Amino acid sequence: MLDTEFTKAQPEYVTVSLTDYGVIRLTGPQTDEFLQGQLSCDMKQLSDRGWLFAAHCDNKGKAMSTLFVTRFADSVLLLSHKDAIAASLAQLQKFGVFSKTDIVDASEQLSLFGVFGTAAPARLAEWLEQPLNVADEQAVTAFSDGVALTLGSQPDQYLLVTERDNFPTNSSMDAWNALEIERGRPTLVSGTILEYVPQMLNVQALHGISFTKGCYIGQETIARMKYLGKQKRALFRLVGQGQSVSAGATLEQQLGDNWRRAGTVINAVSRADNQLDLLAVLPSDIEADTKLRVKDDDASLLEIYPLPYNLDES
Numbered sequence: 001m002l003d004t005e006f007t008k009a010q011p012e013y014v015t016v017s018l019t020d021y022g023v024i025r026l027t028g029p030q031t032d033e034f035l036q037g038q039l040s041c042d043m044k045q046l047s048d049r050g051w052l053f054a055a056h057c058d059n060k061g062k063a064m065s066t067l068f069v070t071r072f073a074d075s076v077l078l079l080s081h082k083d084a085i086a087a088s089l090a091q092l093q094k095f096g097v098f099s100k101t102d103i104v105d106a107s108e109q110l111s112l113f114g115v116f117g118t119a120a121p122a123r124l125a126e127w128l129e130q131p132l133n134v135a136d137e138q139a140v141t142a143f144s145d146g147v148a149l150t151l152g153s154q155p156d157q158y159l160l161v162t163e164r165d166n167f168p169t170n171s172s173m174d175a176w177n178a179l180e181i182e183r184g185r186p187t188l189v190s191g192t193i194l195e196y197v198p199q200m201l202n203v204q205a206l207h208g209i210s211f212t213k214g215c216y217i218g219q220e221t222i223a224r225m226k227y228l229g230k231q232k233r234a235l236f237r238l239v240g241q242g243q244s245v246s247a248g249a250t251l252e253q254q255l256g257d258n259w260r261r262a263g264t265v266i267n268a269v270s271r272a273d274n275q276l277d278l279l280a281v282l283p284s285d286i287e288a289d290t291k292l293r294v295k296d297d298d299a300s301l302l303e304i305y306p307l308p309y310n311l312d313e314s
């Protein structure tokens, strides 16, 4: 269960307009085949009642986006931050001319909302006017003008994609971002795009990489990192005190009386009283009790917190 001070302080029903998120919509008879050659997930595993997590990389294996992948009507939707959506859209449209698939930015046609809390299942089902699909923790509920993705439990969390824009909200993006950080689920934004191989972002631990499906863009680098043991960095969650910080900021670790560069912030949320919660790429072998700080914020102090998944088993 995710039980930090932030989630404890939230009401039992949190709703957020995900204005920073966007949607790519792909439609056509060769859509699945095309995406199989683009994304790190196995499109053959994408059912009408489930979603997949994935990375979208360049030919060097560097991730331009981490994505939620789901079906809606006769289309496939890719969901992520608008910075990452813009980067992925450019590559998809470049290669998509060779496939029978129509690729559009549907961010103006489809609205995204985040919903979580103990009352979320009942309240969301009431709004949808139908029961939620509860088959598993990656279930999708399809309704007349959208889909609702189940993103986790304790607290129950949903990503709502709909043609309607009148979903009532009661909180800010920070509430959603904080929960995503607690899940250890990275979202790439400007400053972190095309910097990391997906394993450095723990995409494999989030079941977002298929090592058996065959070739796709960036696959050689991703496979080499897995099978040759060349992964030297991974994603960690850090909690502590410090001033507000942005993605791409540098972190330092304490070595004796000195501080040396340790890694980079991927996502961060500022809480009350100078508190920070963030995801950062750090050396894979960093000690769990290492003291870290934000560069140029000498008063900051961050500690490594456990992730809700085990990197050693992924």
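All residue numbers for the sequence shown refer to UniProt numbering, where the first residue is 1 and numbers rise by one. Quick reminder that beta carbons are idealized off the backbone N, C-alpha and C, glycines included. Quantities reported herein were computed from a predicted structural model and do not represent experimental measurements.
Comparing alpha carbon positions, the residue from Gly117, Leu278, Gln199 and Gly152 closest to Met225 is Gln199. Contact annotation: Ile85 and Gly22 have beta-carbon atoms nearer than 7 Å.
Residue burial is scored here from C-beta neighbours: Phe116 has at least 16 other C-beta atoms within 10 angstroms and is therefore classed as buried. Under the three-state reduction of DSSP output, Ile103 falls in the strand class.
Between Met64 and Leu194, the C-beta spacing is below 7 Å. By the neighbour-count definition (other C-beta atoms within 10 Å, threshold 16), Asp277 is a buried residue. If you ignore the 5 residues before and after Tyr196, its C-beta comes within less than 7 Å of the C-beta of Lys62, Ala63 and Val281, all in its own chain and listed in chain order.
The residues Lys60, Gly61 and Val197, in chain order, have a CB closer than 7 Å to that of Thr221 in the same chain once the five nearest residues on each side in sequence are set aside. Taking Lys295 as reference, the option from Ile304, Leu251 and Ala262 with the minimal CA-CA separation is Leu251. Look at Ala247 here: in three-state DSSP terms it is coil, with no helix or strand label.
No residue range can be given for Asp296, since it is assigned to no alpha helix (DSSP H) and is classified by DSSP as neither H nor E. Per DSSP, the unbroken beta strand (DSSP E) holding Gly152 starts and ends at Gly146 to Gly152. In this structure, the alpha-carbon of Lys291 lies about 21 Å from that of Leu201. Going by DSSP, Met64 is part of the beta strand (DSSP E) stretching over Ala63 to Phe72. A direct Cα-Cα distance of roughly 8 Å separates Arg71 from Ser47.
Residues of the same chain with a CB within less than 7 Å of the CB of Asp74, apart from the 5 flanking positions on each side, are Thr27 in chain order. With contact defined as three or more Cβ pairs closer than 8 Å, the region 226-242 and the region 154-171 are not in contact. Shown here, Asp83 sits in a helix according to DSSP, grouped into three states. In this chain, the alpha helix (DSSP H) harbouring Asp174 covers Met173 to Arg183. In this structure, DSSP gives Trp51 a state outside helix and strand, which the three-state scheme calls coil.
For Thr31, the enclosing alpha helix (DSSP H) stretches over residues Thr31 to Gln36. A direct Cα-to-Cα measurement between Leu79 and Phe68 gives close to 5 Å. Rounded to the nearest angstrom, the gap between the Cα atoms of Gln157 and Gly248 is 27 Å. For Leu151 and Asp257, the gap between their C-alpha atoms comes out near 42 Å. Short of 7 Å from the beta carbon of Ser171, and not among the five residues preceding or following it, lie these beta carbons of its own chain, in chain order: Val14, Thr15 and Val16. Per DSSP, Thr221 is one residue of the alpha helix (DSSP H) stretching across Gln219 to Tyr227.
Under DSSP, Glu126 shares a beta bridge with no residue. For Leu110, the three-state secondary structure derived from DSSP is coil. In the three-state scheme derived from DSSP, where H, G and I count as helix and E and B as strand, Leu302 is classed as strand.
Around the CB of Val97, fewer than 16 other CB atoms lie within 10 Å, so the residue is classed as exposed. Bounds of the beta strand (DSSP E) holding Ala280 are Gln275 to Pro283.
Taking the C-beta atoms as reference points, Gly263 is found no nearer than 7 Å to Leu301. Pairing Val161 with Leu128 gives a Cβ-Cβ distance that is not under 7 Å.
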